[in-house]
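Residue numbers (numbering that gives the first Met the number 0): 0 to 175.
See below for the structure under consideration.
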Amino acid sequence: MSKKVKTLIQHELKNRFDGVQECLVVSLRGLNGIENNRMRGDLLNRQIRLNVVKNSLARRAFRDLGIDAMGQLLTGPCAIAYGGDNIVDLAKVMVEWSGKLEKLQIKGGYLDGQILDAAQARNLSQMPSRRQLQAQVVSLALAPGGRVAGAIAGPAGFIAGCIKALVEKLEKAEAA
C-alpha cells in the first residue's frame, strides 16, 4: 500500500473514531461469511458498528485522537465494535455473539480513558444497563412516597370504616 493510501485510510479511521468514548476490540479470525453477515446484520439493527482495522493505521489514528493506550489491544486481526446505547449494552451483545460463535473473541475494550482487558470487558456484560439503573433509581425514589401514602391512607380508611359501621348501626336503630 502506498503512503498516500495509508494516509487516507488513517485519516478516515481518525474521523470515524473521533468522539468514540467507549468501544470493544474483538477478533473475527475464523468466522465464515455467513456467520459474519448474520452477526453484522444483528449489530446493525442495534445501532452497533463493527470495523475491521489495520492495526498500524488504527494505532496512528488513535494516537492522533489522544488515545494512545488503545494500541495495546491492537494485536493480530482486530475489529472495533462501538455504538449502541452504552458500553454495557455493547458488551452484552458481543458476549452473546461470542457464545453463539466460538471463534469470535473479545480482546478488550476502552472506557473513560481506561483500557480493559478481555475479562474486564466480559464483566461489563454482567452490569445492569442504563435503563435498568434508571428504573432502580425511580423505584427507590417512589418507595418512600408509597409508604407515606399507605401510612396516611391506613388510619383514614380505618376511621372511615368505623364511621360507616356507626352510621349503619344508627340507621338500623331508627328503622326499628
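The C-beta atom is built at its ideal place from N, Cα and C for all residues, glycine as well.
Straight-line Cα distance separating residue j from residue i
i: residue 10; j: residue 62; result: 12 Å
i: residue 13; j: residue 58; result: 10 Å
i: residue 5; j: residue 37; result: 30 Å
i: residue 129; j: residue 46; result: 16 Å
i: residue 53; j: residue 99; result: 26 Å
i: residue 69; j: residue 18; result: 14 Å
i: residue 159; j: residue 85; result: 51 Å
i: residue 171; j: residue 165; result: 10 Å
Extent of the continuous beta strand (DSSP E) run through residue i
i: residue 80; result: 77-82
i: residue 50; result: 47-52
Candidates the options: closest to residue i by CA position
i: residue 44; options: 33, 89 and 64; result: 89
i: residue 93; options: 71, 123, 1 and 68; result: 123
i: residue 51; options: 113, 164, 24 and 40; result: 24
i: residue 8; options: 34, 56 and 19; result: 56
i: residue 121; options: 105, 1 and 170; result: 105
i: residue 29; options: 133, 102 and 0; result: 102
Close Cβ partners of residue i (< 6 Å) along its chain, the five nearest in sequence each way excluded
i: residue 27; result: 78
Residues sharing a beta bridge with residue i, DSSP
i: residue 22; result: 109
i: residue 114; result: 109
i: residue 104; result: 26
Host alpha helix (DSSP H) of residue i (start-end)
i: residue 93; result: 86-99
i: residue 66; result: No alpha helix (DSSP H) contains residue 66, which DSSP labels as neither H nor E.
i: residue 6; result: 2-16
Contacts around residue i, its chain only, beta-carbon distance under 8 Å, and the 5 residues preceding and following it disregarded
i: residue 119; result: 107 and 108
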